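In the working numbering, the protein residues as written are 302 to 991.
Input: a single structure, listed below in structure tokens.
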Ligand SMILES: O[C@H]1[C@H](O)[C@@H](O)[C@H](O)[C@@H](O)[C@H]1O
């Protein structure tokens, strides 16, 4: 019977029944929501309990963030035997025989940054490279939906994907190439070369009139951005005082996410400059302006980097001790007298740092001299690129040849010698996976793998699509939420900068905290999409819970894997392997970035829940990985990393330590430490820690 023929009482009964049905539906949805929230809470509590149950926290007030010793974990915390106050800084002994120690020129955290204004300025400036990297990522999402751009370049979905991929693949190539050349030139010269390539790429993009121009521009821009993404952390790690190295390296992340935010919002504001229905016949200002703006910081970095001091560590490795001392004095706010000695004279931390660099350089040179493949090379022919050639560490001769104690400046012959063949180059890279360096490579490559598979870029690149799966449809609101993700990342870096160098929390504490929260947030997202798919209009609040989960995820990521991905790789490798190690780690960032970008839309079309759960599982795995394989590097001098990694399962730590002790004695480092202990130790100067 048709509706119009029904009597009034019948219609009334029907509407009552419909109302009752709606009510029971909503009730069922509410029950499901309660169940969901309960399950999430249980999962979060469970994951915290499982992870921390076996740990005995050192500080009862912050059990969640306190990394400490576990019987099943190879990671141990260093004991603090004695702390001596030295001219406003500290020297802490971790062993009674004074062979294991750490030092700090001043406080860590914000106070430390203010105390080291010059180093802070240099690090901030160097991190301009990160700004370009983030900017390139942030700007493209808006450009690809601009009407003028689309009218001129009607890209197919494949071409759109290729535009994003071009930058990432270019960056991958840039990173690997720079890894092989960074030691041959100064860090600053490498940065300038990267800037030039980046600028050519930016000019191509800005003035593009054909698709080919655009692709060439993106590829060249990618090569420059990739190179800068490894050079800036490399340089920052080598100029930083140990107590604020984590904070200074986190500035790279601060710059990257600032770039993401500025790139995104600038594109958002200029998007209608050519008119919202442009036919592509105007000047194309809507997209040319945001693409052109990146030229400015590129130029500033290219010229300004010459005002920054060179890396003292690379200078020592090249035998340029005088220049290295000058650079170190500048960076630590010290003065040199006419004889080139630190003022005030007497034992001090800057002398200690200088000697540590020299010990490191001699050890590197010695390893080469003792290697069968290079044993005929006279000492003055040593070069920084040749330093990475030795792979036969069992040949270390304990009888130190005193002729190599001083590293000679490079000569013309060096330059010829440094033209390494492909074979030598391959051998050098291969060392990264041999037993000696594997524990460090695992940290560098692993942190970038987990950073990318946390799913951050799935959110950044595809937020509008992901938000549609949460029931949001208006383009503006999804774009705004997507832009908000960048701002959340930016805000999250600040708490990380504050605590990353505090040994009680440090890198490990942040990473473990971050992985638990990112795991829980991604799992919540997966659950919500699974439970409420198709019901978004009836249960609006579920969509907002999803948005909240996205923000919680982003904040936790932004405090942990975001910044620490740029911190760990450049501090764990020894100088001889640093540029290649950082390059491989950064390559892991770009390669996984590319894979996540490629696979997310495919996975998402299969099942959004599956996609979120996969990212959640990656964070869970990251928790295990951090617990088992990542040592705490806060406050450990770069030259002391050997001690930290020495015994991590590769069984080479002892011999390394023996060689180090021997070289330290010959160069006077051991004596200097004892002199400092004598001069500043004793009753009033030292503080004992159980
Ligand atoms: O650390 C950065 C940052 O979190 C960016 O937002 C992201 O796009 C990059 O891939 C990542 O390496």
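No residue lacks a Cβ here, since even glycine has one placed at the ideal position from N, Cα and C.
None of the values given here were measured: they were computed from a predicted structure.
Considering just the uninterrupted stretch of the alpha helix (DSSP H) at residue i, what are its terminal residues?
{"i": "residue 830", "result": "807–833"}
{"i": "residue 535", "result": "512–540"}
{"i": "residue 433", "result": "429–444"}
{"i": "residue 507", "result": "488–507"}
{"i": "residue 851", "result": "841–860"}
Would DSSP call residue i helix, strand or coil?
{"i": "residue 574", "result": "coil"}
{"i": "residue 992", "result": "Since the first residue shown for the chain is 302 and the last is 991, residue 992 is missing from the structure and cannot be characterised."}
{"i": "residue 254", "result": "Nothing can be reported for residue 254: it is not among the residues displayed for the chain, which extend from 302 to 991."}
{"i": "residue 385", "result": "strand"}
{"i": "residue 450", "result": "helix"}
{"i": "residue 874", "result": "coil"}
{"i": "residue 391", "result": "strand"}
{"i": "residue 738", "result": "coil"}
{"i": "residue 406", "result": "coil"}
{"i": "residue 975", "result": "helix"}
{"i": "residue 455", "result": "coil"}
{"i": "residue 674", "result": "Confidence in residue 674 is poor, its pLDDT being 42 and thus under 50, which makes the residue's placement unreliable; the coordinate value appears in the next sentence. Helix at residue 674."}
{"i": "residue 666", "result": "helix"}
{"i": "residue 881", "result": "helix"}
{"i": "residue 804", "result": "coil"}
{"i": "residue 761", "result": "helix"}
{"i": "residue 724", "result": "helix"}
{"i": "residue 400", "result": "coil"}
{"i": "residue 474", "result": "helix"}
{"i": "residue 924", "result": "helix"}
{"i": "residue 893", "result": "helix"}
{"i": "residue 773", "result": "coil"}
{"i": "residue 566", "result": "helix"}
{"i": "residue 1015", "result": "With the chain covering 302 to 991 only, the question about residue 1015 has no answer from this structure."}
{"i": "residue 315", "result": "helix"}
{"i": "residue 556", "result": "helix"}
{"i": "residue 484", "result": "coil"}
{"i": "residue 380", "result": "coil"}
{"i": "residue 906", "result": "helix"}
{"i": "residue 756", "result": "coil"}
{"i": "residue 787", "result": "helix"}
{"i": "residue 462", "result": "helix"}
{"i": "residue 969", "result": "coil"}
{"i": "residue 712", "result": "In this prediction, residue 712 has a pLDDT of 49, which is less than 50 and means its spatial position is unreliable; what the coordinates show is noted afterwards. Looking at residue 712 - three-state DSSP - the assignment turns out to be coil, as it is neither helix nor strand."}
Since residue i and residue j are thought to touch, with beta carbons under 8 Å apart, how far apart are those beta carbons, to the nearest angstrom?
{"i": "residue 449", "j": "residue 585", "result": "5 Å"}
{"i": "residue 420", "j": "residue 540", "result": "6 Å"}
{"i": "residue 602", "j": "residue 429", "result": "4 Å"}
{"i": "residue 891", "j": "residue 433", "result": "Between residue 433 and residue 891 the Cβ distance is about 14 Å, and since that is not below 8 Å, they are no contact."}
{"i": "residue 503", "j": "residue 431", "result": "No, residue 503 and residue 431 are not in contact; Cβ-Cβ is about 16 Å, not under 8 Å."}
{"i": "residue 413", "j": "residue 545", "result": "4 Å"}
{"i": "residue 766", "j": "residue 855", "result": "Contact flag wrong, Cβ pair sits at about 17 Å."}
{"i": "residue 885", "j": "residue 480", "result": "7 Å"}
{"i": "residue 633", "j": "residue 542", "result": "7 Å"}
{"i": "residue 992", "j": "residue 595", "result": "Residue 992 cannot be examined here, being either before or after the span of the chain that is shown, 302 to 991."}
{"i": "residue 883", "j": "residue 535", "result": "5 Å"}
{"i": "residue 784", "j": "residue 566", "result": "6 Å"}
{"i": "residue 770", "j": "residue 812", "result": "With 8 Å as the limit, residue 770 and residue 812 do not qualify as a contact, their Cβ atoms being about 29 Å apart."}
How would you write the range of the beta strand (DSSP E) that residue i sits in, first residue to last?
{"i": "residue 938", "result": "No beta strand (DSSP E) contains residue 938, which DSSP labels as neither H nor E."}
Spell out a yes or no on whether the stretch 866–881 and the stretch 928–936 are touching, meaning 3 or more CB-CB pairs, one atom from each, closer than 8 Å.
yes
Quick check on the DSSP output: what are the complete beta strand (DSSP E) runs of length 3 or more inside the stretch 568–654, in order along the chain?
none
Segment contact, 8 Å Cβ cut-off, at least three pairs: the stretch 807–827 with the stretch 917–927
yes
Are there three or more Cβ pairs, one per stretch, closer than 8 Å when the stretch 880–890 is compared with the stretch 735–754?
yes
So, do the stretch 502–518 and the stretch 398–412 have three or more beta carbon pairs nearer to each other than 8 Å?
The stretch 502–518 vs the stretch 398–412: no contact.
Between the stretch 519–528 and the stretch 618–629, can you find at least three pairs of beta-carbon atoms closer than 8 Å?
no
Give a yes or no on contact between the stretch 449–465 and the stretch 851–865, applying the rule of three or more CB pairs nearer than 8 Å.
No, the stretch 449–465 is not in contact with the stretch 851–865.
Given 8 Å, three or more beta-carbon pairs between the stretch 742–749 and the stretch 897–915:
no
Would you check if the stretch 920–931 and the stretch 383–398 touch, i.e. whether three or more CB-CB distances between them fall below 8 Å?
no
Would the stretch 565–579 count as touching the stretch 796–815 if we require 3 or more Cβ pairs under 8 Å?
These segments do not touch.
Is there contact between the stretch 642–656 and the stretch 960–977, where contact requires at least three CB pairs shorter than 8 Å?
yes
I want to know whether the stretch 491–506 touches the stretch 603–610 - three or more CB-CB distances under 8 Å.
Contact between the stretch 491–506 and the stretch 603–610 is present, because at least three Cβ pairs lie under 8 Å.
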